[in-house]
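> One structure is given below, represented as structure tokens, and several questions about it will come after.
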Amino acid sequence: MQRAKPLLGTIVSIRADAGHDVIDEAFAGVALVHRLMSPEEPSSDISRINAEAHRQAVSVHPWTFRVLKSAGSMSRASGGAFDVTLRRHGATHADIVLDRGRVRLGRRAELDLGGIAKGFAVDRAVDVLRRRGATQGCVNAGGDLRLFGTHVEDVRVRLPSSPAHCIPVASASNRAFATSAGYFQDEAVDARTGERSCAGRSITVGAPTCMIADALTKAVAALGPIPALLRQFAAEAHLIDRHGRLHAAAG
738 MQRAKPLLGT IVSIRADAGH DVIDEAFAGV ALVHRLMSPE EPSSDISRIN
788 AEAHRQAVSV HPWTFRVLKS AGSMSRASGG AFDVTLRRHG ATHADIVLDR
838 GRVRLGRRAE LDLGGIAKGF AVDRAVDVLR RRGATQGCVN AGGDLRLFGT
888 HVEDVRVRLP SSPAHCIPVA SASNRAFATS AGYFQDEAVD ARTGERSCAG
938 RSITVGAPTC MIADALTKAV AALGPIPALL RQFAAEAHLI DRHGRLHAAA
988 G
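Residues in the sequence shown are numbered from 738 upward in steps of one, following our numbering.
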């Protein structure tokens, strides 16, 4: 069965050997991530952090805390190329203090989890499907996808110079992939400079989880496919240049 819904600012599709009720539950997990982590939602954890956490600690949902903790690890590993503060107001990831489900900011900041939350939402949907007995499928949120089960599938990515055309960049099972490119609205931004970093390329990262793949696309777009960084997260990178040539790098 396959179904799709508009969530997370994109179209989320779920394909699995599961019934409607199970797929509904998976979509509900994605919707919860949106409500918790979207800065466009006035009552979201992120909106409350941005409004209050520079004055007092803010209690957040365990999922939000988990994503912020993972974002900090990625920021440190990438030397700040990935940073959910986007360096606004002079803040960096080092200004985010996490303590037992509470978040405190060392200075005013505007956190944006757009570079990692979508991947986390995909992972949560897959968790639901597996827990409810699904053995095979795919969750795809606008280019962030995770395959589960034994069936090997091709992962196809749009050509940067001709987005209507796709080429296969990998074949995999039980693997997650995320892509950043200039034809997406959420093109990767180098947090150190604020500049868009795809520059006519597309960057696809394969990793054990979609959250890791999602965040790593931004780091790889800014830094290049550094083997040590990819190896740290058991990941690989697939780059398509402006001429349509595919380049692969493994950790």
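For every residue, glycine included, the Cβ atom is placed at its ideal position computed from N, Cα and C.
(1) For the structure I just gave you, are there three or more beta carbon pairs, one from the region 820 to 828 and one from the region 868 to 875, closer than 8 Å?
(2) In chain order, what residues of the same chain have a beta carbon less than 7 Å from the beta carbon of HIS888, not counting five sequence neighbours either side?
(3) Rounded to the nearest angstrom, what separates ARG968 and GLY816 at their Cα positions?
(4) Locate the alpha helix (DSSP H) running through PHE857, then write down its first and last residues.
(5) Taking only the alpha-carbon atoms, compute the straight-line gap between ARG713 and GLN793 and give it to the nearest angstrom.
(6) Between which residues of its own chain and HIS984 is the CB-CB distance below 6 Å, once the five residues before and five after are set aside?
(7) Does the region 847 to 862 come into contact with the region 942 to 949, if we say contact requires no fewer than three beta-carbon pairs (one atom in each stretch) closer than 8 Å?
(8) Do you know whose CA, among ILE853, ARG868, THR941, lies nearest LEU745's CA?
(9) Smallest Cα separation from ALA814: which of GLU973, LEU960, ARG979?
(10) For MET811, does the count of other Cβ atoms within 10 angstroms reach 16, so buried, or fall short, so exposed?
(11) Take ASP832 and list the residues in its own chain whose beta-carbon comes closer than 8 Å to its own, dropping the five residues that flank it on each side.
(12) Between SER750 and the rest of its own chain, which residues show a CB-CB distance below 6 Å, the 5 nearest in sequence each way excluded?
From the atom records:
(1) Flag = no, the region 820 to 828 and the region 868 to 875 do not touch.
(2) Result list for HIS888: GLN873, SER910, in chain order.
(3) Straight-line Cα distance between these residues: approximately 16 Å.
(4) Its alpha helix (DSSP H) spans residues 854 to 868.
(5) Residue 713 is absent from the model: the chain starts at 738 and stops at 988.
(6) Sequence-distant partners of HIS984 (beyond 5 residues in either direction) whose C-beta falls short of 6 Å from its own C-beta, in its chain, are LEU976.
(7) Using a Cβ-Cβ distance cut-off of 8 Å, the region 847 to 862 and the region 942 to 949 are in contact, since at least three pairs of beta carbons, one from each stretch, lie closer than that value.
(8) That would be ILE853, whose Cα lies nearest to the Cα of LEU745.
(9) Of the candidates GLU973, LEU960, ARG979, LEU960 places its Cα closest to the Cα of ALA814.
(10) A buried status is given to MET811, since no fewer than 16 other beta-carbon atoms sit within 10 Å of its beta-carbon.
(11) Correct list, in chain order: THR822, LEU842, GLY843, ARG844, ALA846.
(12) Excluding sequence neighbours, SER750 sits near ALA741, ASN877.
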